[in-house]
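All remarks here apply to the structure that follows.
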Amino acid sequence: IRLTNYFMTHYKTVVGSEADINKYVGENRFFRALQYAGLMRTFGDLPWVDKELGTDSPELYDAKLKRYEIMDKIIEDFDFAMRLFHLGRQKIALKFAGIVFHLWHNDLHMQNKKKNFDYYYQKVEQKAVRCKQGMDQYLD
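Letter by letter, the sequence shown follows residues 11 to 150 in the numbering used here.
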């Protein structure tokens, strides 16, 4: 997670095509979501960190968020990655990681599960490519 947050802080300094940079931003958000999903499965409530931190950052002592709040953020990251896919991003090989995660995670009571899945399927059906809290919030 630290590496994904480091990337999100520094990717704007990279020279390259917007399409290539967007590809890596989407992959980065996907893998951050996957990491958080694994941590949530193991530990339950977690603090959510979405920026680069130093050893003395006060955010290191932030309170934990509830599982449903973490799940909302995970869905947001997966949603962002899905939108970049609809922009023409080609398939990425997971070497069965996505399938294994789906088959082996514990069932969790998620307060917002129906709302999250309804929102996700609506965006898939619309072939959405932009989101309110997408990359624009990181651009100057």
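For each residue, glycine too, the CB sits at the ideal point set by N, CA and C.
In terms of CA proximity to Q136, M92 leads the group K123, M92, K125, K124. Using a 10 angstroms sphere on the CB of K33, the tally of other CB atoms reaches 16 or more, which defines it as buried. Taking C-beta separations shorter than 8 Å and ignoring five residues to either side along the sequence, V25 has no partners in its chain. Residue state for L56 is assigned as strand, using DSSP reduced to three classes. Distance from the CA of L75 to the CA of L97, rounded to the nearest whole angstrom, comes to 32 Å.
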